[in-house]
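Numbering of the sequence shown is given in UniProt numbering, commencing with residue 1 and proceeding in unit increments.
Cβ coordinates follow ideal geometry from the N, Cα and C atoms, glycine included.
Just so it is clear, the structure is predicted and the values come from calculations on it, not from any experiment.
Below is one structure, written out as structure tokens, with a few remarks after it.
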Amino acid sequence: MTHAQNAGKKTGIVSTTRITHATPAAAFGRSPDRNWEADSDIPPAKRACPDLARQLIENDPGKRLNVVFGGGKRNFQPRNSASGKGRRNDARDLIQEWLHNAVLSNVSARYVENKYQLKDAIASAPDRVLGLFSENHMEFESEKKKPVSGEPTLAEMTEAAIELLQNPNGFVLLVEGGRIDHALHCTNAKRAILETLALEKAINTALLSTNPVDTLILVGADHSHVMTINGYPKRGNPIL
């Protein structure tokens, strides 16, 4: 991301996990422990090392990202936040700090928490958009179909990111379908399949939203995974 920013390209990160989780955080942060997402995760003797949420707000390349979409709002808010779900012990509201830093840098910025606010943000075309759509990881795709869910799908976030990142010098965008792995950890085949299909939709969205002449799209997996079926189920027992 640093190389892209220095080359004048716009940059963005999209994930269905907490934005401070392993894959998205690797694009902007450095940490001896991937679990140090908020200051409350760091042992007292090691708090000289900034947590990953702080690094996104304070350090390059995080603070210069044009688009950041995902979950994990709780790692950016203090314990006494209005939601009551903040995890920060340092009493800092990093979301407000991010907005304040944008003002100091003389760039337009929007913070959004649901797909409706995201749609409005696209219309105003700000320089930077931070979207934290859930306190923890975002919902599985199957749950987003419920009327009460205001979370955008991975494809919707991808489409929004590409639109916001339009730039004569191009852009670099990381998109992660991070909940495929989580479903497999839980040995939930149906959710794993639906999350994989959601990633496929995001890829197709990217293909339709870009020109293959000047756009390189790479698709890969960070690691393989297996499912464990415990006990002695009968042959032909449905797993979906």
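#1: Can you check DSSP and say which residues form a bridge with Lys10?
#2: Starting from the N-terminal side, write out each stretch of the alpha helix (DSSP H) that is 4 residues or longer and does not extend beyond the segment 131-192.
#3: Count the other C-beta atoms from every protein chain shown that fall within 10 angstroms of the C-beta of Lys161, then say buried if there are 16 or more, exposed otherwise.
#4: Confirm, please, whether the CB-CB distance from Val107 to Asp127 is below 9 Å.
#5: Run through DSSP, which three-state label would residue 275 get?
#6: Would Thr23 and Leu165 qualify as a contact pair, given that the criterion is a beta-carbon distance under 9 Å?
#7: Rounded to whole angstroms, how far is the Cβ of Leu130 from the Cβ of Val68, which I believe are closer than 8 Å?
#8: Of the choices Ser83, Phe133 and Ile229, whose alpha-carbon is the least far from that of Thr187?
#9: Is the beta carbon of Gly70 less than 9 Å from the beta carbon of Arg18?
#10: Thinking Leu94 and Ala53 are a contact (beta carbons under 8 Å), I'd like their distance in whole angstroms, please.
#11: In this structure, what does DSSP give as the bridge partners for Tyr232?
#12: Exposed or buried, what is residue 244 when buried is set at 16 or more other beta-carbons lying within 10 Å of its beta-carbon?
#13: What do you reckon, are the CB atoms on His185 and His225 nearer than 9 Å?
#14: For Ala155, collect the residues of the same chain with a Cβ closer than 8 Å to its Cβ; drop the 5 residues on either side in sequence, then sort them by chain order.
#15: Take Leu132 and list the residues in its own chain whose beta-carbon comes closer than 6 Å to its own, dropping the five residues that flank it on each side.
#16: Run through the DSSP bridge pairs and tell me what Tyr116 is partnered with.
#17: Output the distance between the C-alpha atoms of Leu65 and Pro233, rounded to the nearest integer angstrom.
#18: Taking Val103 as part of the alpha helix (DSSP H), name the residues at either end of that continuous run.
#19: Once the 5 residues before and after Gln5 are set aside, which same chain residues still bring their CB inside 6 Å of it?
#20: Leaving aside the five residues before and after Glu139 along the sequence, list all residues of the same chain whose C-beta is less than 7 Å from its C-beta, in chain order.
#21: Determine the direct distance from the alpha carbon of Ala7 to that of Lys85, and round the result to whole angstroms.
#22: Among all the DSSP beta bridges, which residues are the ones paired with Ala109?
Let me spell this out:
#1: Phe171
#2: 141-144, 154-164 and 179-185
#3: Residue 161 is actually Ala in this sequence, not Lys. Under this definition Ala161 is a buried residue.
#4: yes
#5: The chain is shown only over 1 to 240; residue 275 falls outside these bounds and no answer can be derived.
#6: no
#7: 5 Å
#8: Ile229
#9: yes
#10: 6 Å
#11: DSSP lists no partner for Tyr232.
#12: Lying before the first or after the last residue shown, residue 244 is absent from the chain, which here runs from 1 to 240.
#13: yes
#14: Ala198, Lys201, Ala202, Asn204 and Thr205
#15: Lys73
#16: DSSP, once it has assigned bridges, lists no residue as partnering Tyr116.
#17: 49 Å
#18: Leu94 to Leu104
#19: Thr11, Pro61 and Arg64
#20: Ser149 and Glu151
#21: 39 Å
#22: Arg128
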